[in-house]
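A quick write-up on the structure given underneath.
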Amino acid sequence: MSGTAPERGCGHNSQFYLMNEYIETNIGRFTDELFELLRIPSVSADTTKAADVHAAAAFVAEKLKAAGAENVEICQTAGYPIVYGDKITDSSKPTVLVYGHYDVQPPDPLELWTSPPFEPQIRLVPGSGDSAIYARGACDDKGQMYMHIKALETMLHTGGELPCNLKFMIEGEEEVGSSNLDTFVSENAEKLKADVVLISDTSILNNENPSITVGLRGLAYMFVEVTGPNRDLHSGTYGGAVPNPINVLAKIIAGLHDENGRVTVPGFYDRVEELSAEDRAAMARAPFSEDEMKKSLGLRDVRGEKGYTTLERKSIRPTLDVNGIWGGWTGEGAKTVIPSKANAKISMRLVPYQQWEEIADTFKKHFTELAGPSVFVDVTWHHGGNAAVTPTDTAAYKAAEAAFEEAWGKNPIPMREGGSIPIVALFERALGIKSVLMGFGLDSDSIHSPNEHFRTYNFEMGIKTIPLFYKHFARLSAEG
Ligand code: BES
Ligand code: ZN
Numbered sequence: 049m050s051g052t053a054p055e056r057g058c059g060h061n062s063q064f065y066l067m068n069e070y071i072e073t074n075i076g077r078f079t080d081e082l083f084e085l086l087r088i089p090s091v092s093a094d095t096t097k098a099a100d101v102h103a104a105a106a107f108v109a110e111k112l113k114a115a116g117a118e119n120v121e122i123c124q125t126a127g128y129p130i131v132y133g134d135k136i137t138d139s140s141k142p143t144v145l146v147y148g149h150y151d152v153q154p155p156d157p158l159e160l161w162t163s164p165p166f167e168p169q170i171r172l173v174p175g176s177g178d179s180a181i182y183a184r185g186a187c188d189d190k191g192q193m194y195m196h197i198k199a200l201e202t203m204l205h206t207g208g209e210l211p212c213n214l215k216f217m218i219e220g221e222e223e224v225g226s227s228n229l230d231t232f233v234s235e236n237a238e239k240l241k242a243d244v245v246l247i248s249d250t251s252i253l254n255n256e257n258p259s260i261t262v263g264l265r266g267l268a269y270m271f272v273e274v275t276g277p278n279r280d281l282h283s284g285t286y287g288g289a290v291p292n293p294i295n296v297l298a299k300i301i302a303g304l305h306d307e308n309g310r311v312t313v314p315g316f317y318d319r320v321e322e323l324s325a326e327d328r329a330a331m332a333r334a335p336f337s338e339d340e341m342k343k344s345l346g347l348r349d350v351r352g353e354k355g356y357t358t359l360e361r362k363s364i365r366p367t368l369d370v371n372g373i374w375g376g377w378t379g380e381g382a383k384t385v386i387p388s389k390a391n392a393k394i395s396m397r398l399v400p401y402q403q404w405e406e407i408a409d410t411f412k413k414h415f416t417e418l419a420g421p422s423v424f425v426d427v428t429w430h431h432g433g434n435a436a437v438t439p440t441d442t443a444a445y446k447a448a449e450a451a452f453e454e455a456w457g458k459n460p461i462p463m464r465e466g467g468s469i470p471i472v473a474l475f476e477r478a479l480g481i482k483s484v485l486m487g488f489g490l491d492s493d494s495i496h497s498p499n500e501h502f503r504t505y506n507f508e509m510g511i512k513t514i515p516l517f518y519k520h521f522a523r524l525s526a527e528g
């Protein structure tokens with residue numbers, strides 16, 4: 049592990065030693081600074097939090113500058129700003145673009161948090177001896193993004209020359225689909241030019257088995273509204289004679305999967321990449337424990353598409369899930385009413401080759417058909433993005449592998465993950481630049497859920513691993 053630092057005074061290793069010492073000396077301050085950022089409720093989905101989202105951008109810009117980045121700007125977009133900064137030292141060195149996000153998911157339901165979401169606290173993770181920072185955004189992605197700013201500070205304060213040119217691009221709309229990123233990226237192609245994008249916004253398998261994410265799913269996020277009568281009705285007077293939009297919506301939703309757990313949207317699987325037997329066998333060898341997952345989630349059993357393992361279902365297979373549903377009377381007590389409207393938010397996770405616009409269109413037709421003629425339906429998409437797979441035969445992937453090996457003493461496993469980060473496919477499409485997904489979270493960190501946390505060990509190890517990525521990337525790029 050990193051604690052067993054090599055001896056002082058021998059080339060690369062002396063800086064490695066100095067950096068680890070600097071990180072260990074300053075980790076308390078790094079954590080305090082992260083706490084300051086975590087106290088800002090920068091929820092991009094909540095328009096009442098707009099000032100906080102801007103405040104988080106200003107905080108990131110200030111800290112990026114303090115760490116030693118140059119040309120720091122808060123770039124305005126049609127939505128929330130993108131914080132840019134760089135440290136270009138030598139045009140002959142490779143350039144790495146670090147991407148992260150300062151926005152977070154809504155914290156609700158608030159009553160399920162042990163400590164308030166925007167009052168960060170360090171405490172033990174139940175059932176383990178590990179301490180973790182508890183707050184919305186602790187892992188996704190403020191904590192992981194902040195590791196990069198502190199890695200920059202560490203490299204610049206320990207006297208070494210930066211092995212790579214660095215650019216930073218930290219956005220504030222990732223959790224709502226990065227809709228303004230497309231325009232920003234194409235308008236700033238020259239400024240963002242890099243050899244690779246480095247992102248810490250994913251997980252590792254566990255701390256004994258670090259992994260590098262090599263695939264993310266895409267997403268098509270839909271809003272649906274079913275309207276029955278033109279106003280709410282007395283359920284005694286009209287009940288049984290008019291379409292109840294909630295009943296209809298529930299039936300439509302039930303019809304979106306068949307008895308094998310497959311999505312019924314026509315053509316949904318047409319473009320889906322089927323993995324080879326070898327790839328599936330390799331996945332099955334990953335030290336993932338379904339029992340542990342069940343235990344930690346309090347599940348009686350798993351459920352999903354027939355013919356696939358849990359690990360496959362949560363990474364390489366496309367899915368459809370209702371993310372929210374509402375309508376009718378949900379206040380205190382009873383109200384006998386047939387509501388006029390029922391609504392749901394439905395998202396589909398997509399895999400390589402599925403095209404989100406095509407899927408969104410077909411979903412709309414299918415949903416309307418399932419609704420039948422008695423109700424009006426309105427189906428719109430909110431945001432979308434395609435899946436991305438990152439190659440493992442590149443200098444950048446090998447550099448991430450070597451960085452993990454050096455810092456964690458373990459060879460990291462390549463793993464596909466089920467979440468989405470829209471910029472990965474966008475960067476590849478718009479600028480032809482591949483990403484390396486070197487995340488340090490754990491699946492059990494409760495991202496998007498109450499009690500989100502990030503282990504202090506992972507925060508510190510992330511800061512120690514990042515500079516090693518640059519070192520190895522420079523070396524491997526020079527080797528060609
Ligand atoms: N950090 C996550 C993505 C992620 C989660 C990757 C788990 C791998 C494992 C990211 O911030 C996120 O949540 N993205 C959204 C994107 C969406 C709004 C387009 C997601 O996946 O829901
Ligand atoms: Zn994230």
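Just remember that this note's numbering sits 48 ahead of the position in the sequence shown, which is counted from 1.
All C-beta atoms, glycine included, are put in the ideal place defined by N, C-alpha and C.
Review point. Just curious, the alpha helix (DSSP H) that residue 293 is in, first and last residue?
Key: 293 to 302
Review point. So, are the CB atoms of residue 182 and residue 391 less than 8 Å apart?
Key: no
Point to revise | Contact set for residue 300: own chain, Cβ-Cβ below 7 Å, skip 5 residues either direction | key: 415, 418, 419
Check your understanding: Does the separation of the CB atoms of residue 485 and residue 261 fall below 8 Å?
Key -> yes
Practice item. Report the three-state DSSP secondary structure of residue 381 (helix, strand or coil). Key: coil
Point to revise | Cross-strand partners of residue 433 (DSSP beta bridge) | key: 267
Check your understanding: How big is the Cα-Cα spacing for residue 238 and residue 225?
Key -> 23 Å
Check your understanding: Beta carbon of residue 223: closer than 7 Å to some heavy atom of the ligand BES?
Key -> yes
Check your understanding: Run through DSSP, which three-state label would residue 462 get?
Key -> strand
Check your understanding: Where DSSP assigns a beta bridge to residue 171, which residues make up the other side?
Key -> 180
Review point. If you check the beta carbons only, do residue 304 and residue 398 fall under 8 Å apart?
Key: no
Practice item. To the nearest angstrom, report how far apart residue 335 and residue 378 are at their CA atoms. Key: 43 Å
**Study point:** Nearest-angstrom beta carbon gap, residue 517 and residue 451 [assumed within contact, 8 Å]
**Key:** 4 Å
**Study point:** Segment contact, 8 Å Cβ cut-off, at least three pairs: the region 188 to 202 with the region 68 to 86
**Key:** yes
Check your understanding: Can you tell me where the alpha helix (DSSP H) with residue 201 in it begins and where it stops?
Key -> 190 to 205
Practice item. Compare the Cα-Cα distances from residue 158 to each of 496, 338, 449 and report the closest residue. Key: 496
Check your understanding: Which one of 268, 150, 67, 427 has the shortest CA to CA distance from residue 202?
Key -> 67
Check your understanding: Can you find at least 3 beta carbon pairs, one from the region 121 to 128 and one from the region 454 to 468, that sit closer than 8 Å?
Key -> no
Check your understanding: Would a C-beta distance cut-off of 8 Å place residue 252 and residue 376 closer than the cut-off?
Key -> no
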